[in-house]
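Visitor: Dumping the structure here so I can ask a few things about it.
2 protein chains.
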Amino acid sequence: MRAVCVIGLGLIGGSVLRAAATAGRPVWGATASEADAAEARAEGFDVVDAESALRRAAEADALVVVATPLTAVREVLRQIAEHAPDALLTDVVSVKDPVDAEVRSLLPSARYAGGHPMAGVSSSGWSAGSGELFAGAAWAVIVEENTTLEAWREAAQLALDCGAQVVPTSASAHDSAVARVSHLPHLFAAVLAAVGADGGPLSLSLAAGSFRDGTRVAGTAPELVRAMTEGNRVALLDAVDDALGRLGAARGSLASTGGLKSTVDFGHAARRAFEDLASSERASATVQLNATALERLRELGERGGRVLALSAETASVELPVT
Amino acid sequence: MRAVCVIGLGLIGGSVLRAAATAGRPVWGATASEADAAEARAEGFDVVDAESALRRAAEADALVVVATPLTAVREVLRQIAEHAPDALLTDVVSVKDPVDAEVRSLLPSARYAGGHPMAGVSSSGWSAGSGELFAGAAWAVIVEENTTLEAWREAAQLALDCGAQVVPTSASAHDSAVARVSHLPHLFAAVLAAVGADGGPLSLSLAAGSFRDGTRVAGTAPELVRAMTEGNRVALLDAVDDALGRLGAARGSLASTGGLKSTVDFGHAARRAFEDLASSERASATVQLNATALERLRELGERGGRVLALSAETASVELPVT
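Residue numbers (our numbering), protein chains in the order written: chain A, 163 to 484; chain B, 163 to 484.
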């Protein structure tokens with residue numbers, strides 16, 4: 163089994179290191195955080211400095227996983243360019259177009275396919291992670307024009323080894339989707355919490371389940387929320403404009419006719435569609451891993467398909483029945 | 163113990179009937195739903211037609227609880243005016259100013275104090291209810307200028323018997339608060355679900371915890387969401403305008419400077435304030451139930467205080483320490 167070298171051992175990187183080890187793969191890591199390093203070592207993991215980790219990766223032809231915040235990615239890529247310039251490479255950063263651009267610029271000979279596991283908790287750092295964090299979660303693995311089957315397979319196999327289901331997609335489609343289903347929810351949670359608190363202690367005293375759930379992710383560390391939302395600026399602006407349009411239309415309807423039928427009915431149908439996707443019957447498809455495989459996988463991913471297994475010659479995909 | 167007559171046996175009314183019975187109070191009810199009536203009778207409850215229920219309430223001087231949707235309240239109040247015009251009366255409808263106005267108009271001699279338990283689930287009907295639904299929940303009991311101590315005590319005692327904590331407040335302060343912490347969250351959930359679904363199957367396939375939590379209450383029956391949001395139109399417009407202002411400011415900041423610091427930091431602090439209110443140290447106060455008691459209780463409620471017990475002469479209140 164191919165070795166895995168994880169750079170950054172916070173919530174996500176630390177969970178990847180644990181899960182890959184549980185899957186039986188040789189693993190080591192590096193982190194700029196002394197606290198994360200000490201905790202990982204105390205649990206028996208092999209944590210060294212970044213230069214040593216990357217040199218070892220180059221020798222072993224290991225898969226290098228960049229698991230730092232977006233703001234630290236450029237510096238890590240520079241280190242990789244120095245010590246392992248043609249590495250097999252993936253990352254777990256929450257936006258993909260900016261990381262893809264940096265890799266093309268700084269690491270033209272790396273065998274790279276970007277990734278993004280859709281899992282997390284409100285807390286951060288090594289101690290918040292777990293080898294089970296990704297069980298059953300979606301994990302986007304990016305298909306761009308220059309992505310090779312070799313690099314994509316390595317990134318996808320890591321996701322499967324971590325217990326996740328692989329969603330093949332392009333970087334820009336990924337960034338647009340997560341603006342809607344991850345970054346906008348964080349912005350909504352912040353705005354909702356603020357409007358509630360503006361109502362004073364009586365409002366917060368009367369707040370119950372709808373407010374608790376709607377504001378939960380506002381409890382996430384602000385620097386993490388800013389890194390992911392600000393890092394996906396263009397796609398998030400589109401999603402915010404859609405939301406402002408819909409909320410403004412609801413406001414207009416409530417003010418003029420007193421009714422909210424359209425907003426409430428559409429939202430209910432959308433939530434149903436989301437629930438149905440998780441629970442509905444699913445069809446199976448098998449994709450031959452030939453020269454057109456990545457394009458075919460990307461199409462299936464954008465229809466809601468997920469890769470559940472890879473063999474030497476095929477990918478097993480499940481699709482929602484629509 | 164004073165008997166309780168519940169009109170409307172859906173999620174909330176059915177749960178009140180069960181909880182009051184568990185507390186040892188004589189209970190009976192009526193409902194326009196044949197299905198709810200049959201299920202309640204099958205569990206051994208005394209369910210009759212509304213006229214019989216109200217006549218019995220007049221004879222026994224029972225507390226009458228209006229537990230229908232807002233749209234049915236006027237018709238029920240007309241029946242009460244006919245069969246029990248000077249009843250002890252409360253209600254569990256989600257807006258309070260409109261119900262208060264109807265009661266003043268149709269039932270001038272009723273001994274009325276409005277109420278609103280802040281508990282619920284996404285499903286509806288008798289079968290969705292439970293005698294434990296209100297355990298530890300906030301239950302607003304309304305203090306208006308013409309509210310008598312007798313009527314307020316009866317409504318508050320019912321809430322305490324159901325396991326809830328009583329939040330004394332005025333009708334308009336209640337309606338403003340729930341617009342922010344209950345009705346706006348429902349509108350946000352609907353808009354968020356719609357923006358997510360607009361992203362197609364890929365978006366919903368990548369959606370995880372933040373989207374699931376942020377859209378949960380969009381799964382509530384649309385007619386219930388419309389009844390409560392449209393019924394609180396004026397206060398909800400204020401809350402929506404605050405939300406539009408904050409979301410628009412975030413949009414402007416993201417577009418111009420690329421930053422969301424102010425939005426994210428303020429939302430995080432607001433969520434913290436909400437969590438702290440639930441977990442922080444609390445001070446105790448005792449209010450003598452004299453002529454100025456209701457005004458004093460209302461003040462404490464608007465500072466986040468909750469009544470945890472009533473005796474013949476005092477109310478025991480807990481307040482957040484700030």
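Don't be surprised by glycine CBs; every beta carbon is placed ideally from N, CA and C.
1) Would you report the Cα separation of Leu470 (chain B) and Thr448 (chain B), rounded to the nearest angstrom?
2) Which class does Asp253 (chain A) belong to by DSSP, given the choice of helix, strand or coil?
3) Determine, using beta carbons only, whether Asp404 (chain A) comes closer than 7 Å to chain B.
4) Taking the alpha helix (DSSP H) that Thr184 (chain B) belongs to, which residues open and close that run?
5) Comparing the C-beta of Ser365 (chain B) with each C-beta of chain A, is any distance below 7 Å?
6) Return the residue from the list A:Ala370, A:Val227, A:Ala440 and A:Ser285 that minimises the CA-CA distance to Pro156 (chain B).
7) Counting only the same chain and skipping the five closest in sequence on each side, list residues whose C-beta sits under 7 Å from that of Ala215 (chain A).
8) On the DSSP letters alone, give me the boundaries of the beta strand (DSSP E) that Trp288 (chain A) sits inside.
9) What does a CB cutoff of less than 7 Å around Val483 (chain B) pick up in its chain, not counting 5 residues either side in sequence?
10) Run through DSSP, which three-state label would Arg465 (chain B) get?
11) Grab me the residues of Leu462 (chain B)'s own chain with a C-beta within less than 6 Å of its C-beta, minus the 5 sequence neighbours each way, in chain order.
12) Would you mind telling me which residues of chain C sit closer than 8 Å to Met390 (chain A), beta carbon to beta carbon, in chain order?
13) Check the Cβ-Cβ distances between Thr230 (chain A) and every residue of chain B, and say whether any is below 7 Å.
14) Using a C-beta to C-beta distance shorter than 7 Å, which residues of chain A count as neighbours of Arg458 (chain B)?
15) Going by Cα to Cα distance, which pick from A:Phe373, A:Gly206, A:Ala474 and A:Pro231 is closest to Pro260 (chain A)?
16) Beta carbon of Arg342 (chain B), beta carbon of Ser365 (chain A): below 7 Å?
17) If we cut at 7 Å on Cβ distances, does Thr430 (chain B) have a partner in chain A?
18) Just how far apart, CA to CA, sit Ser424 (chain A) and Ala380 (chain B)?
19) Starting from His245 (chain B), trace the alpha helix (DSSP H) both ways and give me its first and last residue.
20) Report the three-state DSSP secondary structure of Gly414 (chain A) (helix, strand or coil).
21) Let me confirm a value: Glu316 (chain A) is counted as buried when at least 16 other C-beta atoms fall within 10 Å, else exposed. Which label applies?
22) Against Pro347 (chain A), what residues of chain B qualify as contacts under a CB-to-CB distance less than 7 Å, listed in chain order?
23) Quick check on the DSSP output: the alpha helix (DSSP H) that includes Arg444 (chain A) runs from which residue to which?
24) Pro384 (chain A) CB to nearest chain B CB: under 7 Å?
25) So, at 8 Å on beta carbons, what are the nonlocal neighbours of Gly410 (chain B) in its own chain, with the 5 sequence-adjacent residues on each side left out?
26) Are Glu427 (chain B) and Pro384 (chain A) closer than 7 Å when you measure CB to CB?
27) Which residues does DSSP pair with Pro188 (chain A) in a beta bridge?
28) Val329 (chain B) lies in the beta strand (DSSP E); which residues open and close that run?
29) Between the Cα of Pro330 (chain B) and those of B:Glu312, B:Ala300 and B:Ala355, spot the shortest distance and give me the residue it belongs to.
30) Please look up how many angstroms separate the CB atoms of Leu368 (chain B) and Thr391 (chain A), rounded, as I've assumed it's under 8 Å.
31) In chain order, what residues of the same chain have a beta carbon less than 8 Å from the beta carbon of Leu386 (chain B), not counting five sequence neighbours either side?
32) Looking only at C-alpha atoms, which of B:Leu439, B:Asp262, B:Ala290 and B:Leu239 sits nearest to Ala359 (chain A)?
33) Look at the Cβ atom of Ala222 (chain B), then the Cβ atom of Leu171 (chain B), and state whether they are nearer than 7 Å.
34) Do you know offhand how far Gly325 (chain B)'s Cα is from Thr382 (chain B)'s?
35) At a CB-CB cut-off below 7 Å, which residues of chain B make contact with Pro482 (chain A)?
Guide: Let me lay it out:
1) Taking the straight line joining both Cα atoms gives about 10 Å.
2) Here Asp253 (chain A) sits in strand by DSSP.
3) Asp404 (chain A) has a beta carbon lying within less than 7 Å of a beta carbon in chain B.
4) Leu173 to Thr184 is the extent of the alpha helix (DSSP H) around Thr184 (chain B).
5) At least one CB atom of chain A sits nearer than 7 Å to the CB of Ser365 (chain B).
6) What the structure shows of chain B is the stretch from 163 to 484, and residue 156 (chain B) is not part of that stretch, so it cannot be assessed.
7) Excluding sequence neighbours, Ala215 (chain A) sits near Cys167, Ile169, Trp190, Gly191 and Ala192.
8) That residue, Trp288 (chain A), is in no beta strand (DSSP E); it is neither H nor E in DSSP.
9) Taken in chain order, the residues that qualify are Ser442, Glu443, Arg444 and Ala445.
10) Coil at Arg465 (chain B), not helix or strand.
11) Around Leu462 (chain B): Val479.
12) Absent from the structure: chain C. Protein chains present are A and B.
13) Chain B has no Cβ within less than 7 Å of the Cβ of Thr230 (chain A).
14) Chain A residues near Arg458 (chain B): none, gap ~15 Å exceeds 7 Å.
15) In terms of CA proximity to Pro260 (chain A), A:Pro231 leads the group A:Phe373, A:Gly206, A:Ala474 and A:Pro231.
16) Note that the C-beta distance between Arg342 (chain B) and Ser365 (chain A) is below 7 Å.
17) Inspection of the sequence shows that residue 430 (chain B) is occupied by His rather than by Thr. With 7 Å as the cut-off, His430 (chain B) counts as an interface residue toward chain A.
18) Straight-line Cα distance between these residues: approximately 13 Å.
19) Looking at the DSSP string, the run of the alpha helix (DSSP H) that includes His245 (chain B) is Leu232 to His245.
20) Shown here, Gly414 (chain A) sits in a helix according to DSSP, grouped into three states.
21) Glu316 (chain A) is buried by the Cβ-count criterion.
22) In chain order: Leu354, Ser372, Phe373 and Gly376.
23) Careful: Arg444 (chain A) lies outside any alpha helix (DSSP H), inside the beta strand (DSSP E) at Arg444 to Gln450.
24) At least one chain B Cβ lies under 7 Å of Pro384 (chain A).
25) Leaving aside the five residues that flank Gly410 (chain B) on each side, none in its chain has a CB nearer than 8 Å to its CB.
26) First, the amino acid is wrong: residue 427 (chain B) is Asp here, not Glu. Cβ distance < 7 Å, so Asp427 (chain B) and Pro384 (chain A) count as in contact.
27) When DSSP reads this structure, Pro188 (chain A) sits in no beta bridge, so it has no partner.
28) Here the beta strand (DSSP E) through Val329 (chain B) covers Gln327 to Thr331.
29) Here the closest residue by C-alpha is B:Ala300.
30) Between Thr391 (chain A) and Leu368 (chain B) the Cβ distance is about 16 Å, and since that is not below 8 Å, they are no contact.
31) For Leu386 (chain B), where only same-chain residues beyond five positions count, the Cβ hits under 8 Å are Pro231 and Ser286.
32) It is B:Leu439 whose Cα lies nearest to the Cα of Ala359 (chain A).
33) Going by C-beta atoms, Ala222 (chain B) is not nearer than 7 Å to Leu171 (chain B).
34) Near 24 Å, if we compare the C-alpha coordinates of Thr382 (chain B) and Gly325 (chain B).
35) Counting only Cβ-Cβ distances below 7 Å, Pro482 (chain A) has contacts in chain B at Pro363, in chain order.
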